[in-house]
Amino acid sequence: MPGVIVAGTHSGVGKTTTTLAILAGLEQRCDVQPAKAGPDFIDPMHHQAVADQPSRTLDPWLQGNDGMYRQYQRFGGDLCVIEGMMGLYDGTETSTAEVARGLDLPVILVVDANACMESVGAMALGFDQYDDVNIVGIIAQRAHGGKHEEGIKRSLPEEIEYLGRVPPNDDLAIPDRHLGLTYGADSIIGTDSLNKITETLAIEQIRSLAQPPADRQTANKAQQRTNTDKTVAMACDEVFSFYYPETVTRIRSTGELKVFSPIAGDEVPNADVIYLPGGYPELQAKKLADSQTLDEIYTRSVNGTPMYAECGGLMTLAEEIVVTDQSNLTPGHYDMAGVLPAKITFDGNREALGYTELQAVKKTAVTDKGKKYRGHEFHHSKARPGPDARYVFDVKQGTGINDSQDGLTEYNTVGAYTHFHPASGIFDRLVNYA
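In terms of my numbering, the sequence shown has 57 at position 13, counting the first letter as 1, and numbering is strictly consecutive.
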């Protein structure tokens, strides 16, 4: 399947707005598959709202280059549009440029053209020559029409095409969120606004520049999975929403998936294992504290049901969440499930951001002792485990719970700040452990 990567010169340049507009334009013309370079959960939610299908993850750290390539080859559709992360070259071995090289896909560069004209060409040329990445065109953010647009066109090197502009419009600014952008399953930009942007983009030209990855052999390191008759109960609502579509696919390929909402007070389905994804429990801490679902989760854990929780799930399995008056939320102490011996403090400050590498120090429902696991973390809470806490991982890279350790375990339950992709094998082990 042909694909193209939408990259930026830097974070905040307008990649998400541009990507959503491209998706909106292509969605009317073909079966477009959205994807995201890097580990983010929220941008893919917005992709899905526009393209009406799940946005997939492409990440060389989480999947490896071969795994990333195999993942791309499993995509369906006529065309794949991949939103990059940060600036094109930021992140070294995990950058958008690495994704472009690993898949051998062309790149469209989003450039901020506010208060400049010929300099847009200089930026495009510099990014093109900086490294071995195929930049095929640029889109000018915050660019006017007329002389401004014509000047930008004239400034570009012959080999880099002008693919349109996103007009200046304060209404297109995306508000902040914990993770960088607004959180939610709806499109952050209205349909009318997106359609208006597509009028100033060369959608057919963009479509024509997409290319399929070059054929190549990959090492046969795909996860070996055994189909089972196991059932997985997965929390899924406005709090528990940070999970990869690939995780759902993986679970369904090995058993039956049943979802439930702790916020709604749902009964936990009868299941062999329970999975609590990440999210923002601090935003709904009172509802969670009042939910009978947490009592049931506690009982299931004590009775030995294998259970895995990450980030927001870890917070929910702790003894309490304390929202301080330093945060922008209503302060308070909120009792949680009480499965794991830790108190969670949320004051709004970012505690961790980046990729992780962890080594398991225990054999658990999700880990083999001694094995290393790669993931990522991004959280604004702080866990304060009790003196009897039992840790699952030593941190080789990242922050974890206390800079040197991550993951707490009780009974057959594991909770960690790190988010894992199914390529890690965590979810296969969880399902097969039961």
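Every residue, glycine too, gets a C-beta built ideally from N, C-alpha and C. Predicted, not measured: the structure shown is a model, and the values here were computed from it.
Helix, strand or coil for PHE85, going by three-state DSSP, please let me know.
Numbered from 1 along the sequence shown, position 41 holds the residue referred to as residue 85. Three-state DSSP puts PHE85 in coil, outside helix and strand.
Need the endpoints of the alpha helix (DSSP H) that ASP39 sits in, please.
Here the chain covers residues 45 to 478 and nothing more, so residue 39 does not appear.
For VAL475, does the three-state DSSP call read helix, strand or coil?
As a first step, residue 475 must be located in the sequence shown, where it is residue number 431. VAL475 falls in the helix class under three-state DSSP.
Counting C-beta neighbours from all protein chains within 10 Å, is the total for GLY189 16 or more, i.e. buried, or is it exposed?
Counting from 1 along the sequence shown, the entry for residue 189 is found at position 145. Looking at its Cβ environment, which holds fewer than 16 other Cβ atoms inside 10 Å, GLY189 is exposed.
Who are the near neighbours of GLY224 in its chain, counting only those whose CB is closer than 7 Å to its CB and skipping five residues on each side?
As a working note, residue 224 is residue 180 in the sequence shown. Note that GLY224 scores a pLDDT of 39, beneath 50, so its modelled location is shaky and nothing firm can be said.
List the endpoints of the continuous beta strand (DSSP E) containing PHE304.
In the sequence shown, residue 304 corresponds to position 260, counting from 1. Unbroken beta strand (DSSP E) run through PHE304: 299-304.
Can you list, in chain order, the residues of its chain with a C-beta nearer than 6 Å to that of HIS222? Leave out the 5 residues immediately preceding and following it.
One-based indexing of the sequence shown puts residue 222 at position 178. Only weak support exists for where HIS222 lies, its pLDDT of 46 falling under 50; the value from the coordinates is given anyway. Cβ within range, chain order: HIS424.
Distance check for VAL154 and GLY58, CA to CA, integer angstroms please.
The sequence position of residue 58 within the sequence shown is 14, counting from 1. The sequence position of residue 154 within the sequence shown is 110, counting from 1. GLY58 and VAL154: Cα-Cα distance of roughly 7 Å.
Can you check DSSP and say which residues form a bridge with HIS463?
As a working mapping, residue 463 is identified with position 419 in the sequence shown. BP columns for HIS463 point to HIS420.
In its own chain, which residues sit with a C-beta less than 8 Å from the C-beta of MET112, not counting the 5 before and 5 after it?
Along the sequence shown, read from residue 1 onward, the residue named residue 112 stands at position 68. Around MET112: LEU102, ASP103, PRO104, VAL143, GLY146, LEU147.
When burial is assigned at 16 or more other CB atoms within 10 Å of the CB, is ARG118 buried or exposed?
By 1-based counting over the sequence shown, the position of residue 118 is 74. Under this definition ARG118 is an exposed residue.
Put HIS222 into one of helix, strand or coil per three-state DSSP.
Locating residue 222 in the sequence shown gives position 178, where the first residue counts as 1. Interpretation of HIS222 is limited by its pLDDT of 46, a score under 50 that renders its predicted location unreliable; the figure taken from the coordinates is listed afterwards. Of the three classes helix, strand and coil, the one that applies to HIS222 here is coil, per DSSP.
For HIS377, does the count of other Cβ atoms within 10 angstroms reach 16, so buried, or fall short, so exposed?
Within the sequence shown, residue 377 is the residue found at index 333, counting from 1. With fewer than 16 Cβ atoms within 10 Å of its Cβ, HIS377 is classed as exposed.
Figure out for me which residue from PRO150, ALA95, TYR133, GLY135 has the closest Cα to the Cα of PRO46.
In the sequence shown, the residue the question calls residue 46 occupies position 2. PRO46 has its Cα closest to that of PRO150, out of PRO150, ALA95, TYR133, GLY135.
Per DSSP, which one or two residues make a beta bridge with ILE250?
As a position in the sequence shown, residue 250 is number 206, starting the count at 1. Partner(s): none; ILE250 has no beta bridge.
Return the first residue and the last residue of the beta strand (DSSP E) that THR349 is part of.
Your numbering for residue 349 matches position 305 in the sequence shown. First-last for THR349: undefined, no H or E at that position.
Out of LYS426, GLY382, ALA396, LYS440, which has the shortest C-alpha to C-alpha gap to ALA404?
Here residue 404 refers to the residue found at position 360 of the sequence shown. If we check each option's Cα against that of ALA404, LYS440 comes out closest.
How should THR235 be labelled, buried or exposed, when 16 other C-beta atoms within 10 angstroms of its C-beta is the threshold for buried?
Here residue 235 refers to the residue found at position 191 when the sequence shown is read from its first residue. Exposed, because fewer than 16 other Cβ atoms sit within 10 Å of the Cβ of THR235.
Any idea which residues DSSP pairs SER425 with across the strands?
Position 381 of the sequence shown, counting from 1, holds the residue named residue 425. Bridge partners of SER425: PHE390.
Using 8 Å as the threshold, is the segment 120-127 in touch with the segment 74-87, meaning 3 or more CB pairs across them?
These segments touch.
Pull up the CB-CB distance for ILE183 and ALA168, whole angstroms please, since I reckon it's below 8 Å.
Here residue 183 is taken as the residue at index 139 of the sequence shown, counted from 1. Here residue 168 is taken as the residue at index 124 of the sequence shown, counted from 1. ILE183 to ALA168, Cβ: 11 Å. No contact.
I'd like the list of long-range same chain contacts for GLN92, defined as Cβ closer than 6 Å, with 5 residues on each side in sequence excluded.
Against the sequence shown, residue 92 aligns to sequence position 48. PRO98, SER99, listed in sequence order.
State the start and end residues of the unbroken alpha helix (DSSP H) segment that holds TYR116.
Counted from its first residue, the sequence shown places residue 116 at position 72. Looking at the DSSP string, the run of the alpha helix (DSSP H) that includes TYR116 is 104-117.
Could you have a look at ALA39 and say whether DSSP puts it in helix, strand or coil?
Residue 39 is absent from the model: the chain starts at 45 and stops at 478.
If you follow the alpha helix (DSSP H) that VAL164 is in, where does it begin and where does it stop?
Reading the sequence shown from its first residue, position 120 is the one you call residue 164. That run of the alpha helix (DSSP H) goes 162-174.
Would you check if the distance between the CB atom of GLY348 and the CB atom of ASN456 is smaller than 9 Å?
Here residue 348 refers to the residue found at position 304 of the sequence shown. Here residue 456 refers to the residue found at position 412 of the sequence shown. Yes, Cβ-Cβ distance for GLY348 and ASN456 is below 9 Å.
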